[in-house]
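A short worksheet on the structure shown next.
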Amino acid sequence: MPTVRDESKDKINREVADIILDKKEPPVARFRLLSKGMEPYHRLYLTDVECDITGDKGCLACGNCIDSCPVLRKDPSRFEKTEQRTSFALEACVGEDCEQCYSCVLACPQVDTAYKDYIVDEVIPETIQPAPRITALDNYFMAIIALILGLVIGVFIAR
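Structure, rendered in structure tokens:
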């Protein structure tokens, strides 16, 4: 039986998401446009009472995507290109140097949770594969640790 999380992931456009994720540039702006936009329970303080921004897909300029980007953390001089804190500024500062970690998408408050779940559950595990040599060494070291632990326990029981 599918869980609520699985059902929400079925409602996303995986083909388009995969095309966006395959490009070597920050995908946050495109995912924001694929999403539903601002939810009705937004907590922005708006002075105009009649102003309803529900469904608005424009960038809030919150800077979460910029703060989460490892490329910008490694090279802060890239910030000199612009003072803006938008997803478009992220694209201008990072460009094709994107590491495809997708932290910008996960940090954006306007990207639908279904897309974030898809990235975390299905895309990231495929891109980060354990090295076969490390896996073999893990088994080797675990066998040695089990042997030593068995000897220590055997010594205490034999007394």
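Here full-length UniProt numbering is used: position 136 in the sequence shown is 136, and no number is missing along the way. Yeah, the Cβ is synthetic: ideal placement off N, Cα and C, and Gly gets one too. Quick caveat: nothing in here was measured; it's all calculated off a predicted structure.
- prompt: Start and end of the alpha helix (DSSP H) containing residue 13?
  reply: Where residue 13 is concerned, there is no enclosing alpha helix (DSSP H), because DSSP gives it neither an H nor an E.
Residue 57 vs residue 32 beta-carbon contact at 8 Å: In this structure, residue 57 places its C-beta atom within 8 Å of the C-beta atom of residue 32.
Distance, residue 48 Cα to residue 55 Cα: Counting only the Cα atoms, residue 48 lies some 17 Å from residue 55.
field: Rounded separation between residue 142 and residue 149 - CA only
entry: If you take the alpha carbons of residue 142 and residue 149, they lie about 10 Å apart.
- request: Inspect the CB distances between the region 81-97 and the region 17-28 and report whether three or more fall short of 8 Å.
  value: Touching, per the Cβ criterion.
- prompt: Of the choices 144, 65, 100, whose alpha-carbon is the least far from that of residue 109?
  reply: Ranked by Cα distance from residue 109, the options 144, 65, 100 are led by 65.
message: Below 8 Å on the Cβ atoms is my contact criterion, and I expect residue 155 with residue 21 to pass it. Report the Cβ-Cβ distance as a whole number of Å.
response: Contact doesn't hold; Cβ gap of about 54 Å is too wide.
- prompt: So, is residue 140 buried or exposed, given that buried needs 16 or more other C-beta atoms within 10 angstroms?
  reply: Counting of Cβ neighbours within 10 angstroms places residue 140 among the exposed residues, the total staying below 16.
field: DSSP-derived helix/strand/coil call for residue 78
entry: For residue 78, the secondary structure class from DSSP, reduced to helix, strand or coil, is helix.
task: Kindly give me the distance between the Cβ atoms of residue 85 and residue 63, rounded to whole angstroms, as I take these residues to be in contact under 8 Å.
output: Contact holds; Cβ gap of about 3 Å.
message: My output table needs one value for residue 37: the three-state DSSP class, helix, strand or coil.
response: Of the three classes helix, strand and coil, the one that applies to residue 37 here is coil, per DSSP.
field: Distance between beta carbons of residue 98 and residue 120, contact taken as under 8 Å
entry: Between residue 98 and residue 120 the Cβ distance is about 18 Å, and since that is not below 8 Å, they are no contact.
query: Assuming residue 118 and residue 19 make a contact with CB atoms under 8 Å, what is their CB distance in whole Å?
result: Contact between residue 118 and residue 19 does not hold, since their C-beta atoms are separated by about 13 Å, which reaches or exceeds 8 Å.
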